[in-house]
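See structure below.
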Amino acid sequence: MLEGTLCNKHPIRTEQALKALLADTGGKKYYEEMKSLDVDRPLLWNTVEKTFKSRMRTWLEICAHCGLCADSCFFFRINDRDPQQVPAYKIQSTLGEIIRRKGNVDNTFMRMAMETAWAKCTCCNRCGLYCPHGIDVGAMFSYLRGLLYQQGFVPWELKIGSGMHRIYHAQMDVTDEEFAETCKWMAEEYQEDYPGLTIPMDKTGADILYTLNAREVKHYPEALAEAAILFHLAGEDWTVPRSGWELTNLAMFAGDWEACKMQVEHVYAAIERLKPKRMVGTECGHAHRATVVEGPYWAGRKSGSPPVESIHYIEWVAEALRTGKLKIDPKKRIKERVTLQDSCNYIRNNGLKEVAREIIGYIVEPGYFVEMSPNREHNHCCGGGGGLNGIGIFRKQRNKALITKRDQIIETGATLVIAPCHNCWDAIRDLEEKYCIGIRWSFLKTLLIDRVEVPEHLIMR
Amino acid sequence: MFQKILFATCLREACDHAARMAFDLAQKYDAHLYVFNVFGMPTHGYSQVVTDLITGDEVVLNEEYVDWVKEEIAEYCNQLLKKTKKYSFEVTIGFPHREILRFARLIDPDLIIMGGSTGDPEVSTYKRSIAGSTVQRVAKAAPCPVLVVGYPLPAFWGEYSNVVFGTDFSNASDAGFEFALRLLREQKLDCELHVFHALSDGVIQTGDTNAQEEIRDHIGKTKQQIKQKYDPWMEGLKQYFVEVRKGLPALEILKYADEKHADLIVLGPHTKKWEIIAKDHTSIFEQVIARSRCPVVSVNRFAQGKQD
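Residue numbers (this note's numbering), protein chains in the order written: chain C, 653 to 1113; chain B, 91 to 398.
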């Protein structure tokens, strides 16, 4: 079985292997090796037989090829209505073919399937909303990604991403020690501005266990400080875990099922150890989907839920505003045309559409908020979901995919886009860089801190 | 006075005068000089790509590129390298202000030196995602004094005739005062120290009549306040002056510094973290460093601990 030194069927298991992969700038050697990577057909078919179950079998078989999913897909719309971009076609020509051929596919097929799975679908699940049979092509592409990963046909950045989770339990090379140091640093830096501010670590039995995104620790730790400030101002009893603080899961994008499970179990272990009343995750869509929505099933939890009630950051914000724990200074409400990016992963796929709008009602002056069209569960993906944002070889496709979101934003006339999701935030940042439409974009935390009233006893003297 | 100096540079013209100051100081104090450059900003989500902050190109990180950046630094510093052998080049990627602060936390320098604003539209995406200038953000949270040199130097360090210290009576101002005093004492400078305060328009609530009298009265009281606060520390200083004026603080400091032919302005920027990022808000400190013809030292509350 021909395999490369970098591109192969083996998951990353050592730091050395991860570094070797990282040293291959842009994945040049990796993709070269991929061209001659053999397909282990017995393994592929054996995996399908064990894991391809009645729900997906039914979906593939009952698809009437009616084409009603076509217009729901932003890839189809921005690629001149190319029939090869119809969701049903995309899944039938990849996963469907693997099934029909009983796994008897070759290297060229697998590389085509890889491009289709990562550059022609972001697993946004919008097509499933419009299919008369309720067929969820996004879910099937997630499954296909797993088959491709097992055979070594996965984009270089995502092999690295899932490898990071395997080595560091985080999407980036941030160790638990570095996380602890960053918490200490941020608390020190902001303590005088917010007297009494702390970032409690490993507190047992707190009301809230806060989990976040490694990129916040690595590149913009202000986001951690902002979360701490808001919990502090709201008077919350909260903590972060010394280990198990990473909510995100690039392994889900990569289709690395084993690492998916390892990562969520690591977070659940922190919950079991610290026994908080509930977990609040940062402003990240896929992290919520991975750890709160899908993770329990990966971890084999019969309840279908994490060990404690786990909510997205917008749910906590809405609750804090509703209960008066956080109060917005009416004079400081947003008074510019502003719109909201509905994240697929917790709006369409977890029903939080009205929660997001409840927050808008508090922080935006009436008359300034403009909905995108379409919106809520019908909203389009940012264009960079499902891991597409970070994949170099598919940058051209990703940049084109941003056009739908660009035009939606332009149509609103907004100068500010609220994006309470890391992936959406990144995509909107990139679309501004690429297309220069003159917008700003923001997470919620920064906007809240600019507007929230500081309780009398917490005012800096 | 300085054993470790961190020169944070963008390798552009805006840093040229700061570079000269950094190497001069390293030579004068036999200090180790860390020449630090943040060359790339993370982009495209979790990818390994960064945007080169000078060229704007998308770059995939590898050792070769890092070596190339270090060669660029060596070329940028060129003649200055003759001044000292105790230097090292440090490069990284990230958001510049945060990485400068992270490195400062690691090496615990005695002084950070930076250039003026680049005013470069090429990095507009970065500027709009992280509002507030790099200098301003570093000055706010640096663990040591931050010296900003934006224009050609009127004098060498230690050859000053006039130092202006602007106070707003905050803790940060106390740290600034300590630094100014220490500079004068340790360097045995035979120069004038001007302690200055600007009363902003909102401070004085004048009635319709006797407005000028009320202002004069307020200025007199503020001068007394300054004397009470700082006199006990002035022992041995022969040339110490107090001045209070009413107006826009940044403008008044700059005007006064100009009148006194100041060689150095010392400030303790007392700005709440979130105020510096408010839209259209430019702090007094940023206005001063943008327009001052002499170097400006910012000393914050963290740096106060450093001096003890």
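Glycine included, each C-beta is placed from N, C-alpha and C at the ideal position.
Computed from a prediction, not measured in an experiment: that's the story for all the values here.
Query, Result
"What number of angstroms, rounded off, separates the C-alpha of C/G1036 from the C-alpha of C/L1054?", "7 angstroms"
"With a threshold of 8 angstroms, are at least 3 pairs of Cβ atoms found where one atom belongs to the segment 378-391 of chain B and the other to the segment 231-242 of chain B?", "yes"
"Under 8 angstroms: do the segment 955-967 of chain C and the segment 1032-1048 of chain C share three or more Cβ pairs, one atom per stretch?", "no"
"Buried or exposed for B/S214, please, with buried defined as at least 16 other CB atoms from any protein chain shown within 10 angstroms of its CB.", "With a pLDDT of only 47 at B/S214, under the threshold of 50, the placement of this residue in the model should not be trusted; the figure read from the coordinates follows. So B/S214 ends up on the exposed side."
"With DSSP collapsed to three states, give me the class of C/T991.", "strand"
"Going by beta carbon distance, what residues of the same chain come within less than 7 angstroms of C/T746, once the five residues before and after it are set aside?", "A765, T768, A769, L796"
"Assuming the contact rule is C-beta atoms closer than 8 angstroms, C/A879 and C/Y862 should be a hit. Round their C-beta distance to whole Å, please.", "6 angstroms"
"Less than 8 angstroms between the CB atoms is what I'm expecting for C/A903 and C/H817, so what's the real figure, rounded?", "5 angstroms"
"Which residues in chain C have a C-beta closer than 8 angstroms to the C-beta of B/N152? List them in chain order.", "A675, T677"
"Along chain B, which residues have their Cβ under 8 angstroms away from the Cβ of C/Q993?", "Here the premise fails: no neighbours, minimum Cβ distance about 15 angstroms."
"Under DSSP, the alpha helix (DSSP H) around C/T1098 begins and ends at which residues?", "1096-1103"
"Can you tell which of C/R753, C/V1022, C/G780, C/P807 has its C-alpha closest to the C-alpha of C/E685?", "C/P807"
"Pair every Cβ in the segment 778-795 of chain C with every Cβ in the segment 865-875 of chain C, then say whether three or more of these pairs are closer than 8 angstroms.", "no"
"Using a threshold of 9 angstroms, state whether the C-beta atoms of B/K130 and B/L143 are closer than that.", "The question names Lys, but residue 130 of chain B is Gly in the sequence shown. Closer than 9 angstroms, so yes."
"Nearest-angstrom Cα distance between B/Q117 and B/K172?", "10 angstroms"
"Label C/N997 either buried or exposed according to how many other C-beta atoms from any shown protein chain fall within 10 Å of its C-beta, with 16 as the threshold for buried.", "buried"
"What is the DSSP secondary structure of C/K772, reduced to helix, strand or coil?", "coil"
"In the DSSP assignment, the beta strand (DSSP E) including B/E148 goes from what residue to what residue?", "148-150"
"Which bits of chain B does C/L902 rub up against, with CB to CB less than 9 angstroms?", "Y136"
"Looking at C/L882 and C/G804, is the spacing between their C-beta atoms short of 9 angstroms?", "no"
"Would you mind working out which of C/C835, C/T975, C/E917 sits nearest C/Y949, comparing C-alpha positions?", "C/E917"
"So what's C/I1070 in DSSP terms, helix, strand or just coil?", "strand"
"Would you call the CB atoms of B/V181 and B/V159 closer than 9 angstroms?", "yes"
"Are the CB atoms of B/K350 and B/V332 nearer to each other than 9 angstroms?", "no"
"Tell me which same chain residues have a C-beta within less than 6 angstroms of the C-beta of B/G205, skipping the five on either side of it?", "A104, C105, A108"
"I want to verify the contact list: residues of chain C whose CB lies under 8 angstroms from the CB of B/A231, in sequence order.", "E841"
"If you run the structure through DSSP and keep just helix, strand and coil, what is C/H631?", "Lying outside 653 to 1113, the shown extent of chain C, residue 631 of chain C is not represented and no answer is given."
"In angstroms, rounded to a whole number, what distance separates the CA positions of C/G813 and C/A906?", "8 angstroms"
"Could you tell me which whole beta strand (DSSP E) segments of length 3 or greater appear in the segment 859-917 of chain C?", "860-863"
"Rank B/V125, B/L115, B/V150, B/R110 by C-alpha distance to the C-alpha of C/A675 and give the top, closest one.", "B/V150"
"Can you check whether the C-beta of B/N261 is within less than 9 angstroms of a C-beta belonging to chain C?", "yes"
"Name the residues in the segment 168-189 of chain B whose C-beta lies less than 8 angstroms from a C-beta of chain C; which are they?", "G184, F185, R188"
"Is DSSP giving B/I95 helix, strand or coil here?", "strand"
"Looking at the structure shown, is C/H785 part of a helix, part of a strand, or coil, going by DSSP?", "coil"
"Assign B/W247 to one of three DSSP states: helix, strand, or coil.", "coil"
"Can the beta-carbon of C/Q823 be found closer than 9 angstroms to that of C/L695?", "no"
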